[in-house]
Amino acid sequence: MAATFQVLGAATGLFFSGSFDPQRLHLPSIRSVSERRTGFLVVRSDGHIVSSWNFPARRTQQFITSSIATKANEAASATTSKPGHELLLFEALREGLEEEMERDPCVCVMGEDVGHYGGSYKVTKGLAEKYGDLRVLDTPIAENSFTGMGIGAAMTGLRPVVEGMNMGFLLLAFNQISNNCGMLHYTSGGQFKIPIVIRGPGGVGRQLGAEHSQRLESYFQSIPGIQMVACSTPYNAKGLMKAAIRSENPVILFEHVLLYNLKERIPDEEYVLSLEEAEMVRPGEHVTILTYSRMRYHVMQAAKTLVNKGYDPEVIDIRSLKPFDLYTIGSSVKKTHRVLIVEECMRTGGIGASLTAAITENFHDHLDAPIMCLSSQDVPTPYAGTLENWTVVQPAQIVTAVEQLCQ
Amino acid sequence: MALSRLSSSSASRCVDLLINPLAAAAAAIPRRLISSDTTPITVETSVPFSVHNCDGPSRSVETTPKELVSFFKDMATMRRMEIAADSLYKAKLIRGFCHLYDGQEAVAVGMEAAITKKDCIITAYRDHCTFLGRGGTLLECFSELMGRKAGCSKGKGGSMHFYKKDSGFYGGHGIVGAQIPLGCGLAFAQKYSKDENVTFALYGDGAANQGQLFEALNIACLWDLPAILVCENNHYGMGTAEWRAAKSPAYYKRGDYAPGLKVDGMDALAVKQACKFAKEHALKNGPIILEMDTYRYHGHSMSDPGSTYRTRDEISGVRQERDPIERIRKLVLSLDLATEKELKDMEKEIRKEVDDAIAKAKESPMPDPSELFTNVYAKGFGTEVYGADRKEVRSVLP
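Chains as they are written, first to last, in the UniProt record's numbering: chain A, 1 to 407; chain B, 1 to 398.
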């Protein structure tokens with residue numbers, strides 16, 4: 001969702017729950033917000049009213065570019081670097097993958113239709129022509145064995161990137177991912193490293209049906225030895241892809257079907273993000289909202305409403321699903337004392353459940369209210385559009401939750 | 001003849017020669033105690049190879065006296081190690097699962113003779129002897145079985161997770177059949193780096209019914225990988241006989257488009273010949289399936305007596321007629337490469353070696369508590385990890 005805050009609260013067409021169209025999302029440049037620098041009043045939880053002419057000035061500057069972190073801002077203001085280039089999220093993934101394949105001849109891609117077809121979401125388009133059949137491999141429909149083969153190749157030092165056409169198909173490879181990918185480094189006493197990247201789109205799409213709308217982060221999160229990251233913007237998609245490939249540990253990179261066409265301006269220079277860091281999307285004072293992947297955009301949409309209602313939410317895109325960036329999260333909790341988790345996983349045993357446990361255990365003393373966790377309903381995703389909208393968390397629910405939390 | 005008074009070794013050898021007329025003929029030729037010749041000998045395999053979609057190798061195997069004696073020594077060491085592991089398990093020093101390989105030693109030894117340490121071997125959980133064949137030491141073996149620090153996986157793997165990266169032994173896998181795609185991945189990496197080596201992916205007759213085998217074989221044949229799939233057919237998948245589990249127990253034919261070869265797995269020389277043939281084939285024409293017709297004397301694991309689904313007569317019958325060590329012993333004796341006594345002395349020495357290794361392994365300490373958290377991730381990120389009680393055993397993930 002647009003990371004800009006139209007501080008005047010002008011309604012845009014994006015408010016309607018559930019029908020937001022990622023195709024129409026464009027992150028505006030800095031100038032459009034600086035025109036509208038009117039302030040707003042913030043009511044703190046202790047009742048103290050603060051006139052906010054001071055910090056919004058800084059804050060608008062910050063949160064405009066927040067989804068691009070601080071780099072693009074610096075890039076724009078620095079005279080030495082170029083302004084960057086615009087691209088869609090799947091192109092960013094491809095750029096990251098291509099740069100890594102160029103840099104290291106051990107990187108190869110395996111998956112269904114990644115080669116000649118160009119990838120079912122075009123992430124690997126053009127790579128087979130450039131790198132040949134041995135580095136971009138079309139596999140038959142045999143997830144269990146080609147994931148196993150990727151792991152076997154990784155044991156010798158190759159760095160395969162295994163693509164699941166849809167994350168849900170990787171359930172067929174669960175044995176390989178859990179037992180071999182996650183555990184081999186440990187059971188061999190450190191002899192083998194498994195520098196594999198397993199990636200693919202998951203999440204609830206647009207009426208794709210139950211089996212194609214799965215969120216596997218909840219199933220994989222207990223596997224010891226793997227790292228999980230979820231990308232949400234073109235900037236972090238490219239950075240996380242590069243970091244995942246360079247990592248010595250097995251990394252599962254969760255993409256989202258509906259986010260592939262997000263457009264953003266990313267730097268021209270090479271950059272790699274940290275796999276274990278969370279991203280501060282919008283700093284705030286009242287409540288910490290933790291989210292990842294597509295729900296980030298629902299949260300930002302809700303944040304618009306919340307800001308108009310006078311709340312100041314701090315939005316953090318946790319990005320690293322395993323392990324959690326408890327440092328960033330903890331600093332935020334210590335500041336705001338209230339936590340709302342918004343996720344697309346199921347309620348039972350999801351990322352939110354683990355995160356709730358982790359925060360309660362570590363930061364219990366800093367919480368003024370119980371942690372609220374908004375997750376998808378514990379149902380198979382229905383086909384009907386209206387029902388599908390009701391399975392995932394909608395911005396209106398987020399607004400209500402924050403209001404409830406901040407009472 | 002007061003021969004019993006004579007005590008010098010040369011004198012006792014004279015006694016042997018006198019008593020044993022066959023060896024008298026050879027007595028005229030001065031020879032060393034145990035032959036370490038490298039002059040080639042040709043031996044015929046006792047059972048012909050069955051082939052599927054290929055011309056198998058010839059039945060005449062080239063070997064040398066040195067190799068035959070080393071076969072005997074290696075197989076006797078493996079046998080002794082497995083029997084010792086049996087007693088250790090019953091003494092509760094080895095816990096959990098312990099799958100013993102005695103009876104099947106010829107497969108491990110024959111394969112080693114045909115390949116180099118740059119070729120990769122990956123197998124399932126019956127991996128103690130394969131590990132030894134790849135260059136593992138008895139100390140590493142016993143320490144790992146007993147969960148000690150000196151083990152090959154630092155005590156964290158156990159019986160089913162022996163690995164030796166520097167000599168191309170990729171384990172050691174507990175889940176039936178899961179090692180086959182891994183093995184094809186190793187072959188893929190070998191093809192990728194163009195180093196003219198092959199991978200042997202071993203599995204059992206039980207695993208031969210796993211879908212992932214056929215998936216991996218399909219991909220390996222499509223991409224022309226130097227993978228050799230070896231079915232160690234000991235005729236029982238735990239308690240289920242092969243005819244009850246497989247509609248077609250001709251495992252070497254199951255590859256359909258991939259050529260197959262059935263080998264007498266109790267004959268180390270036949271195994272060597274087949275593996276050599278398979279290596280050449282895989283490097284030129286792609287994957288091939290080998291079926292080793294072998295037998296295990298113990299049950300599936302230590303918790304299985306091994307006699308509920310097969311008769312004791314069957315087990316002792318195989319032991320009498322097809323035992324791999326006895327076969328090599330007879331061959332060595334008939335070719336007069338060593339005397340009976342020398343072989344017995346060798347076995348005594350092996351027994352002592354094994355006992356020493358066990359004693360040393362028992363002295364090795366258990367891993368430190370901090371080892372619980374090491375090697376979960378490679379190159380850490382500084383996250384602190386607490387033990388279950390949140391107070392003790394803290395460490396930073398490495």
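The beta-carbon is built from N, C-alpha and C at its ideal position, and this holds for glycine as well. Owing to the predicted nature of the structure, the values given are computational and were not obtained by experimental measurement.
Closer than 8 Å at the beta carbon, the chain B residues around residue i
| i | result |
| --- | --- |
| residue 153 (chain A) | 185, 186, 188, 189, 192 |
| residue 149 (chain A) | 181, 182, 184, 185, 188, 216, 219 |
| residue 139 (chain A) | 219 |
| residue 144 (chain A) | 181, 211, 212, 215 |
| residue 108 (chain A) | 192 |
Contact set between residue i and chain B, taken where Cβ atoms lie within less than 7 Å
| i | result |
| --- | --- |
| residue 186 (chain A) | 156, 375, 376 |
| residue 343 (chain A) | Within 7 Å Cβ-Cβ: nothing; residue 343 (chain A) doesn't reach chain B, min ~21 Å. |
| residue 134 (chain A) | 192 |
Residue i versus the options, residue with shortest Cα-Cα distance
| i | options | result |
| --- | --- | --- |
| residue 363 (chain B) | B:143, B:138, B:206 | B:143 |
| residue 72 (chain B) | B:359, B:268, B:291, B:54 | B:268 |
| residue 374 (chain B) | B:105, B:122, B:124, B:157 | B:157 |
| residue 364 (chain A) | A:329, A:269, A:204 | A:329 |
| residue 223 (chain B) | A:270, A:146, A:250 | A:146 |
| residue 213 (chain A) | A:105, A:222, A:278, A:200 | A:200 |
| residue 277 (chain A) | A:306, A:260, A:231, A:302 | A:231 |
| residue 205 (chain B) | B:302, B:327, B:262, B:83 | B:262 |
| residue 138 (chain B) | B:78, B:173, B:272, B:41 | B:78 |
| residue 388 (chain A) | A:332, A:217, A:209 | A:209 |
| residue 58 (chain B) | B:47, B:283, B:166 | B:47 |
| residue 381 (chain A) | A:346, A:111, A:361, A:374 | A:346 |
| residue 400 (chain A) | A:105, A:97, A:331, A:311 | A:311 |
| residue 121 (chain B) | B:99, B:86, B:162 | B:162 |
| residue 193 (chain B) | A:196, A:126, A:158 | A:158 |
| residue 259 (chain A) | A:124, A:269, A:248, A:237 | A:237 |
| residue 111 (chain A) | A:105, A:123, A:404 | A:123 |
Proximity below 9 Å, CB of residue i to CB of residue j
| i | j | result |
| --- | --- | --- |
| residue 208 (chain B) | residue 110 (chain B) | no |
| residue 129 (chain B) | residue 105 (chain B) | yes |
| residue 65 (chain B) | residue 337 (chain B) | yes |
| residue 379 (chain A) | residue 295 (chain A) | no |
| residue 325 (chain A) | residue 291 (chain A) | no |
| residue 231 (chain B) | residue 257 (chain B) | no |
| residue 225 (chain B) | residue 187 (chain B) | yes |
| residue 347 (chain B) | residue 150 (chain B) | no |
| residue 246 (chain A) | residue 100 (chain A) | yes |
| residue 89 (chain B) | residue 366 (chain B) | no |
| residue 136 (chain B) | residue 112 (chain B) | no |
| residue 172 (chain B) | residue 187 (chain A) | yes |
| residue 92 (chain A) | residue 235 (chain A) | yes |
| residue 151 (chain A) | residue 250 (chain A) | yes |
| residue 146 (chain B) | residue 97 (chain B) | no |
| residue 60 (chain B) | residue 39 (chain B) | no |
| residue 221 (chain A) | residue 354 (chain A) | yes |
| residue 219 (chain A) | residue 239 (chain A) | no |
| residue 185 (chain A) | residue 174 (chain A) | no |
Contact set between residue i and chain A, taken where Cβ atoms lie within less than 7 Å
| i | result |
| --- | --- |
| residue 98 (chain B) | The contacting residues do not exist; residue 98 (chain B) stays about 16 Å from chain A at best. |
| residue 165 (chain B) | 191, 192 |
| residue 175 (chain B) | 175, 179 |
| residue 178 (chain B) | 148, 175, 176, 179, 180 |
Identified DSSP bridge partners for residue i
| i | result |
| --- | --- |
| residue 290 (chain B) | B:230, B:261 |
| residue 376 (chain A) | A:346 |
| residue 169 (chain B) | B:121, B:164 |
| residue 108 (chain A) | A:160 |
| residue 202 (chain A) | A:256 |
| residue 404 (chain B) | Any answer about residue 404 (chain B) is impossible in this case: the structure gives chain B only from 1 up to 398. |
| residue 51 (chain B) | B:261 |
Within chain A, the residues that residue i reaches when beta carbons sit closer than 9 Å
| i | result |
| --- | --- |
| residue 152 (chain B) | 188, 189, 191 |
Within chain A, the residues that residue i reaches when beta carbons sit closer than 8 Å
| i | result |
| --- | --- |
| residue 170 (chain B) | 152, 155, 192 |
| residue 161 (chain B) | 187, 188 |
Any non-hydrogen atom of the ligand MN within 8 Å of residue i CB
| i | result |
| --- | --- |
| residue 224 (chain A) | Here there are no bound small molecules, and the ligand MN is not part of this structure. |
Neighbouring residues, chain B, relative to residue i (Cβ below 9 Å)
| i | result |
| --- | --- |
| residue 258 (chain A) | Within 9 Å Cβ-Cβ: nothing; residue 258 (chain A) doesn't reach chain B, min ~30 Å. |
- Item | Short-range partners of chain A found in the stretch 195-223 of chain B, where Cβ spacing is below 8 Å | 211, 212, 215, 216, 218, 219, 222, 223
- According to a CB-to-CB cut-off of less than 7 Å, which residues of the stretch 222-255 of chain A neighbour chain B? 224, 225, 248, 249
- Item | Near-chain B residues of the stretch 79-99 of chain A - C-beta to any C-beta below 7 Å | none
- Task: Using a Cβ-Cβ cut-off of less than 9 Å, list which residues of the stretch 328-362 of chain A approach chain B; keep chain order.
- Result: 361
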